[in-house]
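Peer 1: Respectively, the protein sequence lines represent chains A and B. Using my numbering, read the first sequence as starting at 17 and increasing by one per residue. Using my numbering, read the second sequence as starting at 266 and increasing by one per residue. Heads up, the beta-carbon is just placed ideally off N, CA and C, and yes, glycines get one too. Keep in mind that this is a model prediction, so the values were computed, not measured. One structure, pasted below without further comment.
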Amino acid sequence: MMVGAFYNPHLGAELAAARNIDHLAMADPPAAGDRHWPAIKQRYTLLLHDYLGQLSEPLDDRALERARSLAALYDSPWVAEHFQCLHTEDGTYNLNYVFPPLYTEEFLARFVTNANALKARLDQPLVMENIPGFFDVRASQMPEPVWLRRFFDATGTGFLLDLPHVWLEAHYRGLTPQAWLAEFPLEHVVEVHVAGVEQDRDLEGPWIAPTAPSDAMLDFMTHALARCPAAKAVTFDAFSPSLTADVLFSSVDRIRAAL
Amino acid sequence: MNDRALQDEVIRALADAPYRASAEWRERGLADAGRVERFARFLARHFYHERIVHFFKYSRALARVTARWPEAVLRQPGFDALLATAVLGERATAHAVARLVTAYVAGEEVPYHEDLLRYQEAMMVVEAGPRVWRDTRRDDDRPAVAPPQPPPELVEGTELLELEYDLPTVLPKLLQPWTTPPEAPRRETRLIVARSRHGRVAVARASDAIASVVRFADGARTVDDLAREAGLRPGEIAATLRDLTEIGAVRFSTGS
């Protein structure tokens, strides 16, 4: 099992010298002036985890070419995207934050078609990450786990299971994380994300934060991994200028120790 | 209404506070109003945190001596008051947030501070507005015979900045390690800030030719009219329009 983190350019020097990390997920392309990038590229397995586009619409040629060239630059073993629909079709409104689609037949058909089109243009397998909902939209026609299972069955893509996302949804639904997780199609999981959560003033409850995972989150991780027979990697999912080297390295160490 | 349009309604409700408060949205009963409001506020703070950190990065660098971090405004009452009218990505909201930041970080620690704040505010405001997320135009949609070139017009939001200091010389130095803030030459400097259809903000030094074209490109004057009024030769007007089109400052009403 590979254990890794996200590439945080402000921690480039520390990451270039680190020895306890197997891979780095890339949320942004390397900046032109990033002097640590050559060492990072040489040292690590890199996972493409950028914004490629929202699969409620087909990706255009420009986006597809960008995805291909980034995957080639990183020599990424798989390419990740999210189950998200965060801007309006006409481009007027944009949330600039991951936001899930309605779980309906129409959106399922859109995502299946567009993911298959993206998959066909990539030289690497595609994996898709679950996105948490803070509220239910009454127009949804099926539970998220059912929608995801049908998506994975129809596309053969891999599942990037974000555990804090499942944990948060369970919290806001008044369920145990383990009970909610049991609904998800875990046999498709290729990669698992682990992160910390903190109280958010606006949400009046917990949300993902660039902080260390709690012991309870690590227990949840081991519980989940025991049910994900095809999982190949665990990634500490924190990408923020406020993330410290200490939190990043100690979190990776704790994840490794918990496995 | 299909599901995609319904999703757009939810996205709009999260992004657009006045719409979220409207009877039109509330009567739909699509989601718990309290949760939508809480999530919308969370999104607004995240949305402008990203933009403030990015566009006010030079003020962040100066915070070593000012101790005023631009993103601190997101936790101040002024920003909370703005949330009731904020529309994420809208130019008026970007302007209002940028004004909160400039009012908070303004100071006299460096002589070019006022120019710097105007520059950063312009970058943030120009970035706002609807954008093209995906190109649907195909090459074979273009006519085989090029039609006559329509009159060029200035893209809404494009801004000309007249500065007292030569900021472009000091900006990269501000982001490097320093013990005393780097100096900027006091020299009148004119910059143009524009945004591409895809939302990419570009800034360039503006020559007299660029300033003239920006002044006269109203979508009614032809290229020949522009050349005459700006006093440019055919080669100069073509090159200027090409540069301006490239950074997204000028478009041709039926093309580019």
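May I ask you to list the residues that DSSP assigns as paired with M144 of chain A?
Peer 2: Paired residue(s): A:E97 and A:F175.
Peer 1: For Q70 of chain A, is the classification buried or exposed, using 16 other Cβ atoms within 10 angstroms of its Cβ as the cut-off for buried?
Peer 2: Classification for Q70 of chain A: buried.
Peer 1: Whose C-beta lies closer than 7 Å to the C-beta of H239 of chain A among residues of the same chain, with five residues either side of it excluded?
Peer 2: Excluding sequence neighbours, H239 of chain A sits near Q194.
Peer 1: Of all the CB atoms in chain B, is at least one closer than 8 Å to the CB of E73 of chain A?
Peer 2: Yes, its Cβ sits closer than 8 Å to a Cβ of chain B.
Peer 1: Smallest Cα separation from R452 of chain B: which of B:E373, B:E427 and B:V275?
Peer 2: The option with the nearest alpha carbon to R452 of chain B is B:E427.
Peer 1: Y369 of chain B by DSSP, collapsed to three states: which one?
Peer 2: If DSSP states are grouped into helix, strand and coil, Y369 of chain B belongs with the helices.
Peer 1: Listed in chain order, which residues of the stretch 94-114 of chain A have Cβ atoms closer than 9 Å to some Cβ of chain B?
Peer 2: If the cut-off is 9 Å between Cβ atoms, the stretch 94-114 of chain A has C101, L102, H103, T104, E105, D106, G107, T108, Y109, N110, L111, N112 and Y113 near chain B.
Peer 1: On the CB-based measure, 16 or more other CB atoms within 10 Å of its CB, does R51 of chain A come out buried or exposed?
Peer 2: Exposed, by the Cβ-count rule.
Peer 1: Within 8 Å (strictly less), CB to CB, does D489 of chain B reach chain A?
Peer 2: Not one chain A Cβ lies under 8 Å of D489 of chain B.
Peer 1: Under a Cβ-count criterion, where at least 16 other Cβ atoms within 10 Å of its own Cβ denotes burial, should R498 of chain B be classed as buried or exposed?
Peer 2: With fewer than 16 other Cβ atoms within 10 Å, it is exposed.
Peer 1: Leaving aside the five residues before and after E355 of chain B along the sequence, list all residues of the same chain whose C-beta is less than 7 Å from its C-beta, in chain order.
Peer 2: Excluding sequence neighbours, E355 of chain B sits near A393.
Peer 1: Report the neighbours of G212 of chain A on chain B: residues whose CB is nearer than 8 Å to its CB, in chain order.
Peer 2: Within 8 Å Cβ-Cβ: nothing; G212 of chain A doesn't reach chain B, min ~17 Å.
Peer 1: So if I threshold CB-CB distances at 8 Å, which residues from the stretch 143-155 of chain A count as touching chain B?
Peer 2: Those would be F150, F151, D152, V153, R154 and A155, in chain order.
Peer 1: With a threshold of 8 Å, are at least 3 pairs of Cβ atoms found where one atom belongs to the stretch 347-362 of chain B and the other to the stretch 302-320 of chain B?
Peer 2: The answer is yes - the stretch 302-320 of chain B touches the stretch 347-362 of chain B, with three or more Cβ pairs under 8 Å.
Peer 1: May I ask you to verify whether the stretch 333-347 of chain B touches the stretch 361-375 of chain B, counting CB pairs closer than 8 Å and requiring at least 3?
Peer 2: In short, these stretches touch, since the Cβ pair count reaches three.
Peer 1: Is there a C-beta anywhere in chain B that falls below 8 Å from the one on T192 of chain A?
Peer 2: No - not a single Cβ of chain B is within 8 Å of the one on T192 of chain A.
Peer 1: Using a C-beta cutoff of 8 Å, does W398 of chain B count as contacting chain A?
Peer 2: So, interface residue.
Peer 1: Roughly how far, in whole angstroms, is the beta-carbon of H39 of chain A from the beta-carbon of L68 of chain A, given that I think they are within contact range, below 8 Å?
Peer 2: Between L68 of chain A and H39 of chain A the Cβ distance is about 19 Å, and since that is not below 8 Å, they are no contact.
Peer 1: Would you mind listing the alpha helix (DSSP H) stretches within the stretch 209-263 of chain A that are 4+ residues and don't spill past its ends, in chain order?
Peer 2: With a minimum length of 4 residues, the continuous alpha helix (DSSP H) runs that stay inside the stretch 209-263 of chain A are 231-241.
Peer 1: In three-state DSSP terms, what is G190 of chain A?
Peer 2: It is coil, neither helix nor strand.
Peer 1: Near A349 of chain B, what residues of its chain come up, given a Cβ to Cβ distance below 7 Å and the 5 sequence neighbours on each side ignored?
Peer 2: These residues qualify, in order along the chain: A282.
Peer 1: Just the Cα atoms here: how many angstroms apart are D508 of chain B and A459 of chain B?
Peer 2: Near 11 Å, if we compare the C-alpha coordinates of A459 of chain B and D508 of chain B.
Peer 1: When you check each C-beta in the stretch 230-255 of chain A against every C-beta of chain B, which residues fall closer than 9 Å?
Peer 2: Of all residues in the stretch 230-255 of chain A, none has a Cβ within less than 9 Å of some Cβ in chain B.
Peer 1: Strictly under 8 Å for the Cβ-Cβ distance: is T401 of chain B near chain A by that measure?
Peer 2: It does: the Cβ of T401 of chain B has a partner Cβ on chain A nearer than 8 Å.
Peer 1: Mapping the DSSP letters down to three states, classify A41 of chain A as helix, strand or coil.
Peer 2: Reduced to three states, the DSSP call for A41 of chain A is strand.
Peer 1: Along the stretch 282-297 of chain B, where does the CB come closer than 8 Å to a CB of chain D? Name the residues.
Peer 2: Among the chains of the structure shown, chain D does not appear; the protein chains present are A and B.
Peer 1: Is E292 of chain B buried or exposed, if buried means 16 or more other CB atoms sit within 10 Å of its CB?
Peer 2: That one is exposed.
Peer 1: Is the beta carbon of I224 of chain A closer than 8 Å to that of V250 of chain A?
Peer 2: Taking 8 Å as the Cβ cut-off, V250 of chain A and I224 of chain A do not qualify as a contacting pair.
Peer 1: Does DSSP put W130 of chain A in a helix, a strand or coil?
Peer 2: First, the amino acid is wrong: residue 130 of chain A is Asn here, not Trp. Helix, per DSSP.
Peer 1: Taking 8 Å as the cut-off, decide whether the C-beta atoms of A228 of chain A and E30 of chain A are in contact.
Peer 2: No; because the gap between Cβ atoms is not below 8 Å, this pair is not in contact.
Peer 1: Strictly under 8 Å for the Cβ-Cβ distance: is T260 of chain A near chain B by that measure?
Peer 2: No - not a single Cβ of chain B is within 8 Å of the one on T260 of chain A.
Peer 1: Using 8 Å as the threshold, is the C-beta distance between A96 of chain A and E145 of chain A below it?
Peer 2: It is a contact, given that the beta carbons lie within the stated cut-off.
Peer 1: Express the C-alpha separation of N36 of chain A and Y90 of chain A in angstroms, rounding to a whole number.
Peer 2: Between Y90 of chain A and N36 of chain A, the C-alpha separation is close to 20 Å.
Peer 1: Whose CA, out of B:V352, B:I457 and B:P376, lies closest to the CA of L327 of chain B?
Peer 2: Closest by alpha carbon: B:P376.
Peer 1: From the DSSP output, in three-state form, read off I457 of chain B for me.
Peer 2: Note: I457 of chain B maps to strand in three-state DSSP.
Peer 1: Which chain A residues are close to F312 of chain B, counting only those with a beta carbon under 8 Å from its beta carbon?
Peer 2: What F312 of chain B touches in chain A: L111, N112 and Y113.
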